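A.B. asks: Those sequence lines, one after another, are chains C, Z, E and X.
Heads up, the first sequence is in full-length UniProt numbering, so the first residue is 1 and it goes up one at a time.
Heads up, the second sequence is in full-length UniProt numbering, so the first residue is 1 and it goes up one at a time.
Heads up, the third sequence is in full-length UniProt numbering, so the first residue is 1 and it goes up one at a time.
Heads up, the fourth sequence is in full-length UniProt numbering, so the first residue is 1 and it goes up one at a time.
Positions of the beta carbon are idealized from the N, C-alpha and C atoms, including for glycine.
Quick caveat, the model's predicted, so the values are computed rather than measured.
Number of protein chains: 4
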Amino acid sequence: MNAFSSLDHEFDIDGDTLHEECGVFGILGHPDAATLTALGLHALQHRGQEAAGIVSFDGQRFHSERRMGLVGDHYTDPVTLAKLPGNIAIGHVRYSTTGEVALRNVQPLFAELEVGGIAIAHNGNFTNGLTLRRQLIAGGAICQSTSDTEVVLHLIARSRYTSTADRFIDAIRQMEGGYSMLAITRTKLIAARDPTGIRPLVMGELDGKPIFASETCALDIIGAKFVRDVENGEVIICEIQPDGSISIDARKAGNQKPERLCLFEYVYFARPDSMVGGRSVYVARKNMGINLAKEAPVEADVIVPVPDGGTPAALGYAQASGIPFEYGIIRNHYVGRTFIEPTQQIRAFGVKLKHSANRAVIEGKRVVLVDDSIVRGTTSLKIVQMIRDAGAREVHIRVASPMIFYPDFYGIDTPDAHKLLANQYSTLEAMGKYIGADSLEFLSINGLYRAVGGKDRDAANPQFTDHYFTGEYPTRLLDKESEKTGNKISLLASNG
Amino acid sequence: MNAFSSLDHEFDIDGDTLHEECGVFGILGHPDAATLTALGLHALQHRGQEAAGIVSFDGQRFHSERRMGLVGDHYTDPVTLAKLPGNIAIGHVRYSTTGEVALRNVQPLFAELEVGGIAIAHNGNFTNGLTLRRQLIAGGAICQSTSDTEVVLHLIARSRYTSTADRFIDAIRQMEGGYSMLAITRTKLIAARDPTGIRPLVMGELDGKPIFASETCALDIIGAKFVRDVENGEVIICEIQPDGSISIDARKAGNQKPERLCLFEYVYFARPDSMVGGRSVYVARKNMGINLAKEAPVEADVIVPVPDGGTPAALGYAQASGIPFEYGIIRNHYVGRTFIEPTQQIRAFGVKLKHSANRAVIEGKRVVLVDDSIVRGTTSLKIVQMIRDAGAREVHIRVASPMIFYPDFYGIDTPDAHKLLANQYSTLEAMGKYIGADSLEFLSINGLYRAVGGKDRDAANPQFTDHYFTGEYPTRLLDKESEKTGNKISLLASNG
Amino acid sequence: MNAFSSLDHEFDIDGDTLHEECGVFGILGHPDAATLTALGLHALQHRGQEAAGIVSFDGQRFHSERRMGLVGDHYTDPVTLAKLPGNIAIGHVRYSTTGEVALRNVQPLFAELEVGGIAIAHNGNFTNGLTLRRQLIAGGAICQSTSDTEVVLHLIARSRYTSTADRFIDAIRQMEGGYSMLAITRTKLIAARDPTGIRPLVMGELDGKPIFASETCALDIIGAKFVRDVENGEVIICEIQPDGSISIDARKAGNQKPERLCLFEYVYFARPDSMVGGRSVYVARKNMGINLAKEAPVEADVIVPVPDGGTPAALGYAQASGIPFEYGIIRNHYVGRTFIEPTQQIRAFGVKLKHSANRAVIEGKRVVLVDDSIVRGTTSLKIVQMIRDAGAREVHIRVASPMIFYPDFYGIDTPDAHKLLANQYSTLEAMGKYIGADSLEFLSINGLYRAVGGKDRDAANPQFTDHYFTGEYPTRLLDKESEKTGNKISLLASNG
Amino acid sequence: MNAFSSLDHEFDIDGDTLHEECGVFGILGHPDAATLTALGLHALQHRGQEAAGIVSFDGQRFHSERRMGLVGDHYTDPVTLAKLPGNIAIGHVRYSTTGEVALRNVQPLFAELEVGGIAIAHNGNFTNGLTLRRQLIAGGAICQSTSDTEVVLHLIARSRYTSTADRFIDAIRQMEGGYSMLAITRTKLIAARDPTGIRPLVMGELDGKPIFASETCALDIIGAKFVRDVENGEVIICEIQPDGSISIDARKAGNQKPERLCLFEYVYFARPDSMVGGRSVYVARKNMGINLAKEAPVEADVIVPVPDGGTPAALGYAQASGIPFEYGIIRNHYVGRTFIEPTQQIRAFGVKLKHSANRAVIEGKRVVLVDDSIVRGTTSLKIVQMIRDAGAREVHIRVASPMIFYPDFYGIDTPDAHKLLANQYSTLEAMGKYIGADSLEFLSINGLYRAVGGKDRDAANPQFTDHYFTGEYPTRLLDKESEKTGNKISLLASNG
C-alpha cells in the first residue's frame, strides 16, 4: 500500500486489498530518540495502521509504550513521549490479520536476558517460526504471545554465545523467511535483513547518529541522510562506546543468498517518494504505466487513475499513449478508521462511500482505468459500474502488474488463493466480463521487471521476489509443509 | 475546501486555510430518510468536519441526533440510525470557529411552534443576525444558543402569518446575508436560498421523492437525479399530501437580486465532482490552470501540484504549457483528526508531517508549484523550502486565484485581514521573497471569471461574489456596522 | 434516597426504587464560586446522579459546563473548573426519567434577556408546566428543550416588569407545583421556594457570602454556616452592590399557603446528616423505627436493616425493642454506575449482585428486616428469599413508612400506580405472602407524623405533603387534568 | 479491606490504607464457566479494583480477556462473555502498586507448554520471586512481565516431570511466601495454598462441579456450596475425565508448616459475610470490639463507627459497653473510582469529600470512635477534627487491632515503616495528641487472637501470621536479603 491509497485498509468492505504487516524504525545515541522514532513511524504509517509501539532505554531502564491505533493518535502527545526517555529507541507499526488484534502481540517485544534487557521489532514473516516455537516449547520455553518475535527472543536467550551481538546473529541464522529486524540493548542498536533481502531496510544518519528504517521516507521526514541499504543477510551492530562515540560493525550472518527484493514493494506497498533498493518507487510505477501502454494500448479519450494506487502508472500510461490524463474518480478522504460498522443499507453503497465518478470528464468518453493491481476484483467491478453510470461510452481496465495467483508467506496478508480473480477465471475475457470492462489487460512479468530493474526476468536467477505471480518461492516453507502433518499448537485467542 | 485537500482542516498548524462553515441535506417522503441523509452528509463532509446532526420525523415525533465528529463516526451505526425513524429528514455538517465548539450550537435546531414542530439547518451566514437577535430579546424572546438558526426559529414563531410556509418566508425575508436553508415540519420539506445566491443549493430526486443538498455530489452518492439548482431568492415547499403524493410549490421570497455565486466554491470549497451553478467544478479548476499558464508562463521542467487543492489547476497548467505534470509532493493521509496536540518538537516538523518531497522528480529540476490559493502564505513558505531541500534548481509558484485582501461575512472563516499575505507585502516580488520562490504569480480576476463563467468580470454587475479579492460586498453588512457602535451582547461561553 | 442507599439508582434492575429528580446549590460573591458549587453538588449527589451542570459569571461573560455523570467525574478537574471563572455560580444535579437522557435538558439553563443574561436551575416539578408551555408557544415562543425550566425563562423574558427580580417573581407566581429554584444574573443570586414548601431549600453563609442549597449537608462539606430555611413562598434576592457589599432582600411572592414539606424527604431522599425543616433526618428516621417497634412488635432474635435506607429505622427499632441489631445483609459497593447492561444470565442473580446474606448472624434465627419503604416489593421478595436461603428460621418485615398508593407530581419519579405493591394486594397478609415474609407491617401515617413532627396528622390541615400515602395532593394538578383532554404537544425525542 | 470500606482505595488521598493485592476464582466443568467466574470475581472485588482478567478453555482454544477496571465494568457485558466460551475458567482481580499499572501484568497469565496450554493466577506474594527470576534468566529464560506468576510458568515449563500436575507441584515447591494459586489446563483445574496458609482459599461446589475462590462470599453469590478450606501446603487437582466425570486428587506439596492465616484478613481485608479458616469474619470483628471494650473502656455517651471498616467492632464495643451505637459519621458513596485528580483546592477538603459528621448525634456528646486499624493516622486526625467541629465534647479513639510496626511481604501493600503512626511516636499519649483525640487505645495482640481464634497467642507457635504487629515473619525473606547485596535487575517500565 502506498500514500496514494492510504486509507484503503480501514474501509476495505470487500477484503479486496493486500496488507503489509509492518514497518520498523530505530535510532542510537540521539537525545530525541523517541520523538524521532515517532516521526519515522508516522512516515511509515502506510505499512501498518493497527498498532504502534516504541521502546526506549534511558541508561537505567527500558521504557515501553504500545498502543492500538495510529502513531499520530498517541505518539505525538507530550505526555506519552515523556514516558519514553533516553537516547536509544526502536519502534514498530503493524497491520494485523483479523482475530489477532491483541495488544500483547504489538511490537517491540522486550525481554530481560542474562546479558541485560533487549527489545526487538521486525517487519515480515518467518517461514519456520512455528517449527522453532514447537522446539522451544519442548525445551521448556514458555510462549505468551503468538508473535514470532517472541521466538527470536527465546533463541537469543538460549544461545550459547556470550555477547548479545553473537547471540543475535546465532538466533537470526536459525530464522528463515523474509524479514527486516531491529533490536536495542543497553548500548546497542542492531539491524538485520533476511538472507534473500525480501523486505527492505535502509540505514541513515542524523547528526552523526545511526538510523535504520523500512523506507527512506522515514529518513526524509526528520531530515536524515540516506547512507545505504542494509544488505541481504547483513547484520549491522551500532554501539555507544564509553567515550560517547558510536562504533558500527557490519557483519554477514553467513546465510546469504542472491538478493531478491519483493516486487510488491514497488507495485503497491512502499511510499512513492521512497527509494527501495536504490530505485525510486515513483519512477518504477510510472515505468509500469509506460510499459503497460506499450504492451496493451487502447484507443480511448481519457486515462483515469484508480485512486490512489494507480495514479503514477496512469500518469505513465497517459504520457506514453498521448491520451489525456484526467481525475475521473474523486476520493472521499473522510472514509477513515472511524467509519463504524455500517448498517447493511449503507454497506450496499460500497465503493461509493469512498469514490465518486467525476461525470464532467467521463460522460460520453472512452475511459481507460489504470490500477496498480487486482486481487479479488470485487472493487474493480463496482468501480466499472460507477464509471458506466456516469456515462462512459467504453471502460477499459489496464493493470500495472501481472495476475496474482499465489499466496505470500513473507509478511503480505493475501486472501485465500481461490478468491483471487486470476484463479477464478481462466481467460482475460472471462475476467473482464466479470468485472464488466470492455477490455482488461495486465502488465507482463517482464514488463514489470523492466519497469523496476531495467531488465527482463532472469528465469534461472530471478532478480526479485515474485512468487505471487509465478509461484516460485525464494525460500523453503517449513511451517507450511509441517502444517500438512497437522501438529498444530492450540494457541491462545486473546484480546487483552 | 475540496476532496483534494480534505484533511487540511484537521492539521492546520498555521491556521493557513479557509474554512467553509456548513453543508445541508434533506429528503421528504422516503422510507430510508435518515440513512440517505447520512450518506448525503458523508458526501458533503468536506464542507464541515466538526459536527453533524440529523433530525427526522416519524409521523408522531421528531427525533434528533447531534454529534461532534465525522458523519462516518456516528451515523453509519445501526443503533444511531434506528433512533432516527421516519420518512422526513434533514441533516447538517458544520465547521466551527475556535471557542464555539458547543454541542448546543450543532444544527439542525428544533422548536415546538403553535403550528407544530419545526427543525432548521443552514449553510452560510446572516449579516444581520446579531441585529435581529437584539430586537428579539428586547421583545421577550430567550436565546439559548449563539447560533443564528435560533434567530430564524424565533422569527418563524413570532410571524403573524398562519401557515408554516408563509411564516418561513416571512422570516427569510428579514434575514440578510448568504445562506442556503432547509427546514422540515410534520409534512413539509422547505428549501431556501439567499437573495443573491451566494451559497449553493441543488434540488434532486430519488424514487420520485424530493431532495435538497449543498452540492450535487450528495445526490451522486445515493444515485439520485439532479433536478435543478434552487434559484437565488427562491423558496421551495415540498409537502406530503393526504393521498401520499408530494406537492412542490416554488415561490420567490420577493427579495431577489441578481445571482452572484461565491467564487470560492469554485476555487476551493466545492468537491471537484460537483456541479455548482450548472458548471463542473473540476473543469472550472482546470480552466483556472489553463488561464494561469497563459497569463503567467514560466520556463520549467516540471509542473507539481500542491496537494490536494492545486491538483486540477496544475493539470490544466501542464496541459496548456506542455510541461510535464508530476507528483512532486506526496501526501501523508494519516495526519488526521486524531493527530493529538503534538510536542513543540514535533510541531517544528510542520508541513513535513503532511507532505513530503518526491526527490526523484524534483532533484535538479526547475519546478512550478501550482496551488489553488494563498491565504497567509505560511504553508507555501515551508513547501518551497521542502522542495528546495529536495534539490530543485528553481521553484516558481503559480496561484490559480487572485490575491485575497478582504474578510468574508457569508460563512467562510477568514483570518484577520492583516494576516493575509496580500496585505503584508505590497509587491509580488516582496511576497515571493518572503515565501522563498524564484517567482510568484496569481491568476487575474478576469482570468478567474473566464475560467468559471466564460466571460470577463462585469464591473457594473459582477456575475459572482468576489469581495475577498475586490472588496465589493454583494449585500450590506448590518451587524458589522452596528458593531462599531459597541452594543455587544454578552453571550454565554459554553462547552456542554 | 439517602447516603445509606446511594448506589441504588444505578443498579435498579427491577425499577423498585423512587427517584428524586434534583438538587441545587448557589453562591454569590465568593472568589471560589465554582469550586464551592462543585463541592456542594457533590454533597447533594444522592439527589441526582445522571448529570450535573454549573453556570458561573465572571463579570463579563457567563460560563456553562453541563455533563452527564457524577460531579466527581468532571467538576473536580482543574481543567473544567478553570472554565468556570467568576464569583457567582449555581449548580444542579439531576436524575432523569428514562428516555429523556438529553444533555439539552441538563440544567442550569441560560438565556440572554433584554436585561442581561440569566441562568436558572430548579429541583422539583411544576404541575402546570405543560399548560404554560402551550400558552407560550401560542404566543410565539420557541421551546427547544422538554425542561420546565425553559418555561420559567420564557415567563421571565416576557414579563412586563422591568427589574430582573420583579420579572422573576412575576414568573414564579405563574408556576404551580413543588419546587426550589435558584437563579443568577450578572449581579444577583435569587432563591425561591414553592408556596407550599414541598421541596426543601436552605440558606447558608461562608465568609459572609450567601449560599443556597437543597440540604444542609451541602453547607457542611464546605464549612458554611446554616442561616435558615428559605420559607415556603419566599423569594430571596441577594445582590452584589457597587461597593462590593451584598444586599439581601427577602420577599414573599404573594402566593403562600401553609407549609407542607414532603414526607419522603424524611423517609428516604434527604441525607441522614441533613437538617430538613429544622429537624434531623437521622433522628426522624430513628423515631420511625422506634414508633414502628411500638406499633408492630414481633418476637425475634435479631434486627437486620435492609441497607442502606433502612439502617437508622432498624437501629431505632432495635433500641426500642431490645432485640440485638446486626448486619445481616452485606452490601457490595462495587455495583455501581459502570455495571454495564448484563447478560440475562447475570441479571438473574439480581439482588445478590448488590447484597449478600451474612449467614453467621442469620442462621437459625428469627429475623426482623427493617426497610424504609416498599414501592413495588420486587426487591423485598428477593431479599426475603436470600435471608431464608441463609438459614433464617422466621423472616418478618417491618416498613418504616405507610403503604404507597398514589403517584407523585412534585419531582419524585414513581412507578405506575398499578405496579405499587399496595395496589396489587388488598391485605397485609396477601402482600406478605407475595413477598414471602412470615409477617409484614407498615408504620402508620400518624406514627410517621409523630416521628417527624412530634404530632399526629391534622386531617384538616396536614402538616406535611403525604399524597403518596393518602391521595391528598397539596396543590391542584392542572397539567394532569388537561392531559385527559388529549391536547398533547408532540415533543422532540433527542439524544444530543 | 472489606465491604464496609469498599471505596476507600479509590479515593485514598493520604495513602492511609492497606491494600490487598488479589482475589482468585476458578471453576471446572460448568457450561457457564466464564459467567460464574465473573460473578465470583464481582463478589471478590474488594480484594482488588484495578484490573480483572478471565481465561477460559473451550475444548479447542484458550480465551483470555484482561481489562483495567472493575469486573462490572466489563465482564457483565454479553459481548465480552461471549469471547470466553468453554466450561473451564479462572479469573483474577488485582490491586497494583503505583507505577506498575501495566495490562501486561494483569493475570491470569497464559503459556503454551509442551504438554499444552496453561493459565495461572495467584493471590499473595512470593518472597523468593526475584531470586528465582535471576536464576531463570541465567538459564536462558525470557521474562516479559514483572509479575511473579511468569516465574511460576517458567518453573512449570522447565520442570523435568512429565505430567502437568507433577510439574505444577514441582514449581510450587520452589516458591516461598504467602499465596493462593489457581491454574487451568485443557482438562484440569488446579488449586494450591502456600505451606503456611497465609492467604485463604476455599473449595466449593455447584451442580457437582468444583470451584475454588479466595473467600466464601464468591460461593454465596452464585449459590454454590462451601466444601472445605484448601489446606496449607495442599494442591488439589480436579480433572475432567473422558466420561465427563470429574476426578479430584488432593495432594500435599510436601513443604507444609503449621498453618498461620494472616490476621489482617480478619481485621480488614475479607468481606464480613465470608468464612475464613472456618470462622465468621463478622463475628471475629464484633469480638474484637467486645474485647476492646473490656481492655479499654471509656465513659462516653455514644459509640460511633469509622465507616465502613470499624462498623462491626463498634457494634461489639457498644453491645459490650452498653453505650448507644449511633451513625455519627455519614459516608458519601459517590466518591468513587471516577473522582478525577482534583484541584488542590478540592483536595484540601480531604476527608469531607467522603465522610460527614452527623451533628444530631454528636453535638455536646462524649464520642468514642471505633476504627479497625490505624496505618499512618492521617485520616484519623481529620476525622477527629471533623467530629470536634460538629460539637463533640470529647473524642476517644479505640482501635480494634494492635499497633502496626512492620512491613508485609505476602501481598499486602504497606507504607514505608517510618510512615506508620506506631513508628513515629513512642507513646500512646503522643499518638493521641497528634491525632487530636482525648484518648487513644489499641486492642492487644492477645485480645485480637482471642477475638479470632478464642485463645491467647502461643508465643512458641503463633496460630496466625502477625508480623506487622510483632515483627515475627512466618517465612524466610530471600529476596529482601538479596536486595541488600544490590544485584538488582533493570526491569522494563511499561504502560502498554
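How would you write the range of the beta strand (DSSP E) that A441/X sits in, first residue to last?
C.D. replies: First, the amino acid is wrong: residue 441/X is Glu here, not Ala. Unbroken beta strand (DSSP E) run through E441/X: S439 to F442.
A.B. asks: Under 9 Å between C-beta atoms, does A141/Z make it to chain E?
C.D. replies: Cβ-Cβ to chain E under 9 Å: yes for A141/Z.
A.B. asks: For chain E, check one thing: does any of its Cβ atoms lie closer than 9 Å to the Cβ of F25/X?
C.D. replies: No, no contact with chain E.
A.B. asks: Can you give, in chain order, each stretch of the beta strand (DSSP E) that sits fully within the segment 399-457 of chain E and has at least 3 residues?
C.D. replies: Taking only runs of at least 3 residues, the beta strand (DSSP E) segments lying wholly in the segment 399-457 of chain E are 439-442.
A.B. asks: According to DSSP, simplified to helix, strand and coil, what is M203/X?
C.D. replies: Note: M203/X maps to strand in three-state DSSP.
A.B. asks: Starting from the C-beta of T98/E, find all residues in its chain whose C-beta is less than 6 Å away, skip the five residues before and the five after it, and write them out in chain order.
C.D. replies: In this prediction, T98/E scores a pLDDT of 39, lower than 50, which makes its location untrustworthy; the coordinate-derived value is nonetheless stated afterwards. Nothing listed; no residue qualifies.
A.B. asks: What span of residues does the beta strand (DSSP E) with E234/C cover, start to end?
C.D. replies: Run containing E234/C: E234 to I240, per the beta strand (DSSP E) assignment.
A.B. asks: Using DSSP with H/G/I as helix, E/B as strand and the rest coil, what is G91/Z?
C.D. replies: Note: G91/Z maps to strand in three-state DSSP.
A.B. asks: For R167/X, which residues in the same chain have their Cβ closer than 6 Å to its Cβ, ignoring the five residues on either side in sequence?
C.D. replies: Around R167/X: I156, S159 and Y161.
A.B. asks: Tell me which same chain residues have a C-beta within less than 7 Å of the C-beta of H30/C, skipping the five on either side of it?
C.D. replies: Correct list, in chain order: L36, N87, L206, D207 and K209.
A.B. asks: Between which residues of its own chain and D273/X is the CB-CB distance below 6 Å, once the five residues before and five after are set aside?
C.D. replies: Once the five neighbours on either side are set aside, the close Cβ partners of D273/X are C217.
A.B. asks: Can you tell me whether P242/Z is buried or exposed, with buried defined as 16 or more other CB within 10 angstroms of its CB?
C.D. replies: Result: exposed.
A.B. asks: Just to check my reading of the structure: D438/Z and V370/Z have Cβ atoms closer than 8 Å, yes? What is that Cβ distance to the nearest angstrom?
C.D. replies: Incorrect: roughly 14 Å between the Cβ atoms, too far for contact.
A.B. asks: In chain X, which residues lie with their C-beta within 9 Å of the C-beta of H154/C?
C.D. replies: Those within 9 Å of H154/C in chain X are G140, A141 and I142.
A.B. asks: Please report the residue range of the alpha helix (DSSP H) in which D371/Z lies.
C.D. replies: Counting along the chain, D371/Z falls outside any alpha helix (DSSP H), though it belongs to the beta strand (DSSP E) covering R366 to D371.
A.B. asks: Would you say F57/X and G117/X are within 9 Å of each other, going by their C-beta atoms?
C.D. replies: Closer than 9 Å, so yes.
A.B. asks: By the three-class DSSP mapping on this structure, what secondary structure does residue 497/E have?
C.D. replies: Because chain E here runs from 1 to 496, residue 497/E falls outside it and cannot be looked at.
A.B. asks: Report the option in E295/E, N287/E, H333/E and I362/E whose CA atom is closest to the CA atom of P324/E.
C.D. replies: Ranking E295/E, N287/E, H333/E and I362/E by Cα distance to P324/E puts I362/E first.
A.B. asks: If you measure between the beta carbons of A43/E and S356/X, is that distance less than 9 Å?
C.D. replies: The answer is yes: Cβ separation under 9 Å.
A.B. asks: Please confirm whether T127/C and Y410/C have their CB atoms less than 9 Å apart.
C.D. replies: Yes, these two residues count as a Cβ contact at 9 Å.
A.B. asks: Given a limit of 7 Å on CB to CB distance, which residues of the segment 168-195 of chain Z reach chain C?
C.D. replies: Residues passing the 7 Å Cβ filter: none.
A.B. asks: Counting only Cβ pairs nearer than 8 Å, list the residues of chain E close to K252/X.
C.D. replies: Here the premise fails: no neighbours, minimum Cβ distance about 30 Å.
A.B. asks: In this structure, how does DSSP classify F168/Z when only helix, strand and coil are distinguished?
C.D. replies: F168/Z falls in the helix class under three-state DSSP.
A.B. asks: Closest Cβ-Cβ distance between A157/Z and chain E: below 9 Å?
C.D. replies: Closer than 9 Å to some Cβ of chain E, the Cβ of A157/Z qualifies, so yes.
A.B. asks: From what residue to what residue does the beta strand (DSSP E) around D229/E run?
C.D. replies: Note, D229/E: beta strand (DSSP E), K225 to D229.
A.B. asks: Within 9 Å (strictly less), CB to CB, does I323/C reach chain Z?
C.D. replies: With 9 Å as the cut-off, I323/C does not count as an interface residue toward chain Z.
A.B. asks: So the candidates are M403/C, D249/C, Q174/C and S180/C; which of them puts its Cα closest to the Cα of E21/C?
C.D. replies: When only C-alpha atoms are compared, the closest one is S180/C.
A.B. asks: Are the beta-carbon atoms of K286/C and G447/C separated by less than 9 Å?
C.D. replies: Contact flag unset, no.
A.B. asks: Regarding S247/E and the ligand SAM, is the C-beta to nearest heavy atom distance less than 8 Å?
C.D. replies: This structure lacks the ligand SAM; in fact it carries no ligand of any kind.
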